[in-house]
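A.B. asks: Residue numbers (this note's numbering): 418 to 472.
1) So, helix, strand or coil for residue 434, using DSSP?
2) What distance in whole Å lies between the Cβ atoms of residue 453 and residue 444, which are believed to be in contact at a cut-off of 8 Å?
3) To the nearest angstrom, report how far apart residue 446 and residue 467 are at their CA atoms.
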């Protein structure tokens with residue numbers, strides 16, 4: 418299972434990240450699935466800046 422977390426607010430919200438992390442931990446405990454989490458906020462911001470600068 419992959420969980421994609423993309424937060425685009427002004428600042429990273431550690432509480433939202435912890436909710437996703439805790440969900441993943443509980444999912445692993447209940448189903449023995451492997452969890453892959455991707456936090457993309459900084460990557461998306463960099464792409465948005467690059468796109469804005471190319472115009």
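Backbone N, C-alpha and C define an ideal beta-carbon position, used for all residues, glycine too.
C.D. replies: In short, the structure shows the following:
1) Assignment of residue 434 by DSSP, reduced to helix, strand and coil, places it in the helix class.
2) About 12 Å; that fails the 8 Å criterion.
3) Those two C-alpha atoms are separated by around 40 Å.
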